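Only one structure is covered here, and it is reproduced in the block below.
Protein chains: 2
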Amino acid sequence: MAAAPNLHQRIREEIEARILSGEWPPGTRIPVEHELMARYGCARMTVSKALSALATSGLIQRRRRTGSVVAAPTQPRAILQIPDFAQDAATAGVSYRFDILHRKVERLGPAAAQRIGLPADQEMLSIETVHIYDGEPVADERRLINLAAVPAARDEAFERIPPGSWLLERVPWSDAEHAIRAINANAEQARRLAMAAGAACLLVERRTWQAGSFITEARTLYPGDRHSLIGRFSPR
Amino acid sequence: MAAAPNLHQRIREEIEARILSGEWPPGTRIPVEHELMARYGCARMTVSKALSALATSGLIQRRRRTGSVVAAPTQPRAILQIPDFAQDAATAGVSYRFDILHRKVERLGPAAAQRIGLPADQEMLSIETVHIYDGEPVADERRLINLAAVPAARDEAFERIPPGSWLLERVPWSDAEHAIRAINANAEQARRLAMAAGAACLLVERRTWQAGSFITEARTLYPGDRHSLIGRFSPR
DNA sequence: GGGAATAATATGTCTAGACATAATTTTCGG
DNA sequence: CCGAAAATTATGTCTAGACATATTATTCCC
Numbered sequence: 001m002a003a004a005p006n007l008h009q010r011i012r013e014e015i016e017a018r019i020l021s022g023e024w025p026p027g028t029r030i031p032v033e034h035e036l037m038a039r040y041g042c043a044r045m046t047v048s049k050a051l052s053a054l055a056t057s058g059l060i061q062r063r064r065r066t067g068s069v070v071a072a073p074t075q076p077r078a079i080l081q082i083p084d085f086a087q088d089a090a091t092a093g094v095s096y097r098f099d100i101l102h103r104k105v106e107r108l109g110p111a112a113a114q115r116i117g118l119p120a121d122q123e124m125l126s127i128e129t130v131h132i133y134d135g136e137p138v139a140d141e142r143r144l145i146n147l148a149a150v151p152a153a154r155d156e157a158f159e160r161i162p163p164g165s166w167l168l169e170r171v172p173w174s175d176a177e178h179a180i181r182a183i184n185a186n187a188e189q190a191r192r193l194a195m196a197a198g199a200a201c202l203l204v205e206r207r208t209w210q211a212g213s214f215i216t217e218a219r220t221l222y223p224g225d226r227h228s229l230i231g232r233f234s235p236r
Numbered sequence: 001m002a003a004a005p006n007l008h009q010r011i012r013e014e015i016e017a018r019i020l021s022g023e024w025p026p027g028t029r030i031p032v033e034h035e036l037m038a039r040y041g042c043a044r045m046t047v048s049k050a051l052s053a054l055a056t057s058g059l060i061q062r063r064r065r066t067g068s069v070v071a072a073p074t075q076p077r078a079i080l081q082i083p084d085f086a087q088d089a090a091t092a093g094v095s096y097r098f099d100i101l102h103r104k105v106e107r108l109g110p111a112a113a114q115r116i117g118l119p120a121d122q123e124m125l126s127i128e129t130v131h132i133y134d135g136e137p138v139a140d141e142r143r144l145i146n147l148a149a150v151p152a153a154r155d156e157a158f159e160r161i162p163p164g165s166w167l168l169e170r171v172p173w174s175d176a177e178h179a180i181r182a183i184n185a186n187a188e189q190a191r192r193l194a195m196a197a198g199a200a201c202l203l204v205e206r207r208t209w210q211a212g213s214f215i216t217e218a219r220t221l222y223p224g225d226r227h228s229l230i231g232r233f234s235p236r
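Below, the structure is given as structure tokens:
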């Protein structure tokens, strides 16, 4: 814990340390603001700032009249990076290219419509891309882009930038939904990813919305033997 | 956007809406604090609180002298819930039980030591648990608990509460690392999870630390045909 | 004793200032 | 024209109050 230059951060860190060390288990009452004012010799606004930050990060719960208590641990959560392929390859120091296997404007079928929660017959740009590191396929991505929300995609050939990166730079999103599954690759998928038929694959589905209107869905298949999703996290 | 009862939240929400809608793309300059003071007719502290919150959530970047700008979009991230089995089953309205297949105090082997980054020969409690919903196995969990960090685990039989929930209630953690992979179940794993050999499974590895000292590792195998990890997220 | 009114308490929001600090622009001397 | 010093600007931190509001404890009347 670095020596904080400012008081509210120092107060925050000292309380945080006691909670994370287990010295103050869940349910413990935090000293009330006037006590902390006296202890640190500062104004109430300053301790309030520290406590508000702790409440925002979920470490404590503040209640009027009764004061603040250490919050119960939340469900563990994992935060996973969903890497941009070009950037990921550059970081790993391998060459990157992608092949567009398929690019077509089509109307949303019933299965996809139900998955996405949109009426069928909406115009979508459907693209299938294989991402390749050093000549080896690392992911097969099937993507739908809502042309009503992103009309510019209709005239984009995605020759230089893959669809995912293109969207990321251009279209803001406000909500996303993810599902991660394991499936056995069928013959076609196995061929595309240069693996044996039946081999386990990670299927990552990602759907994004902008202010309630659907933007895009990506269903990305990663070879199980070559890829894992990793993440680091701190509690609450 | 709900009408905020308080001003700093309203200011925050109005700016947030403009950013998420794309009206203010990355790089756009946010009105400086004195402009916002004039616009909302309030003190500087109030607009500062709104802008600080936006900066904390990563939506804007604040810089002295030049003012604040809308931040560039970050890498998409997925937040996944790692559910507690008992709670998850209760929510889903199914019965829950678990079987302890194996429980032994042992010394850390070289492979696990390397995976965890701890010297070999550390004393660990090794437990294997199968989690069962309505008579159907839904996960096979192999867990290591560092007895140096959690000595109380040595005398715990885990008859009523499974090891994961037991730890969650008792032991605080400050850092976690996750890896998610897809693997083909071997004969033994397939038998335990009542699935065909070779079927695709999700393998979720989770390791947690408390202030630098290792607490526990869980390697949980989910049947690919019955389980997916899902999450919802907002950007930044 | 029960229930309603009242008091006490801790947080929530906000103000109108102050000084500090970082970064840029302007000024000025050579 | 160049580089150093000074001024300017916007944010960062902090104070000492104020009133609002939610919640619990107490008092008082029936």
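Line order of the protein sequences matches chains A and B. Residue 60 in this note's numbering sits at position 60 of the first sequence, and the numbers go up by one each step. Residue 2 in this note's numbering sits at position 2 of the second sequence, and the numbers go up by one each step. C-beta atoms are modelled at their ideal positions from N, C-alpha and C, and glycine is treated no differently. Quick caveat, the model's predicted, so the values are computed rather than measured.
Buried/exposed call for residue i, threshold 16 Cβ in 10 Å
i	result
M45/A	exposed
E141/B	buried
G224/B	buried
N186/A	exposed
R191/B	exposed
N6/A	exposed
M1/B	Interpretation of M1/B is limited by its pLDDT of 49, a score under 50 that renders its predicted location unreliable; no figure is taken from the coordinates.
S95/B	exposed
E136/B	exposed
E217/A	buried
E169/A	exposed
E33/B	buried
Beta carbon of residue i nearer than 8 Å to that of residue j
i	j	result
R77/B	Q81/A	yes
V70/B	I60/B	yes
A211/A	S174/A	yes
A50/A	H8/A	yes
L36/A	I19/A	no
L221/A	A139/A	yes
R143/A	P163/A	yes
D84/A	Q114/B	no
R207/B	I127/B	no
I79/B	I79/A	yes
L271/A	T56/A	Since the first residue of chain A shown is 1 and the last is 236, residue 271/A is not available in this structure.
I30/B	G58/B	no
A182/B	A200/B	yes
R226/B	E205/B	no
S213/A	A149/A	yes
G198/A	G27/B	no
Whole-angstrom distance between residue j and residue i, CA atom to CA atom
i	j	result
L54/A	A17/A	11 Å
H131/A	L118/A	28 Å
P25/A	M124/B	24 Å
I230/B	D88/B	13 Å
R97/B	E177/A	30 Å
Y133/A	L203/B	24 Å
P228/A	E23/A	According to the sequence shown, residue 228/A is Ser rather than Pro. Taking the straight line from one Cα to the other gives about 36 Å.
W209/A	L193/A	29 Å
F158/A	S21/A	51 Å
N184/B	A111/B	20 Å
R107/A	L167/A	20 Å
D121/B	L147/B	12 Å
R160/A	A86/A	11 Å
D99/A	A92/A	20 Å
R39/A	A43/B	28 Å
Q189/B	A90/A	37 Å
V105/B	M195/B	30 Å
R64/A	I145/B	39 Å
G41/A	E14/A	15 Å
P151/A	R62/B	33 Å
R103/B	G109/B	16 Å
(message) Any C-beta of chain B within less than 8 Å: which residues of the stretch 109 to 137 of chain A qualify?
(response) none
(message) To test your reading of the DSSP string, which unbroken beta strand (DSSP E) runs of 3 or more residues are found completely within the stretch 165 to 226 of chain B?
(response) 175 to 184, 200 to 210, 213 to 223
(message) Output needed in chain order: residues of the stretch 168 to 195 of chain A with a Cβ under 7 Å from some Cβ in chain B.
(response) L168, P172, W173, S174, D175, A176, E177, H178, A179, I180, R181, A182, I183, N184
(request) Residues of the stretch 65 to 95 of chain B with a CB closer than 7 Å to any CB of chain A: list them in chain order, please. (result) P73, Q75, P76, R77, A78, I79, L80, Q81, I82, P83, D84
(request) Only counting runs of 3 or more residues, tell me where the beta strand (DSSP E) segments fall wholly within the stretch 59 to 142 of chain A, in order along the chain. (result) 60 to 63, 67 to 70, 77 to 81, 96 to 107, 123 to 133
(request) Could you pull out every unbroken alpha helix (DSSP H) segment of at least 4 residues lying fully inside the stretch 7 to 68 of chain A, listed in chain order? (result) 7 to 21, 33 to 40, 44 to 56
(request) Closer than 8 Å, Cβ to Cβ, to anything on chain B: give me those residues from the stretch 13 to 42 of chain A, in chain order. (result) I19, L20, S21, G22, P25
(message) To be precise: take each residue of the stretch 45 to 57 of chain B, compare its Cβ to all Cβ atoms of chain A, and keep it if any distance is under 7 Å. Which residues remain?
(response) none
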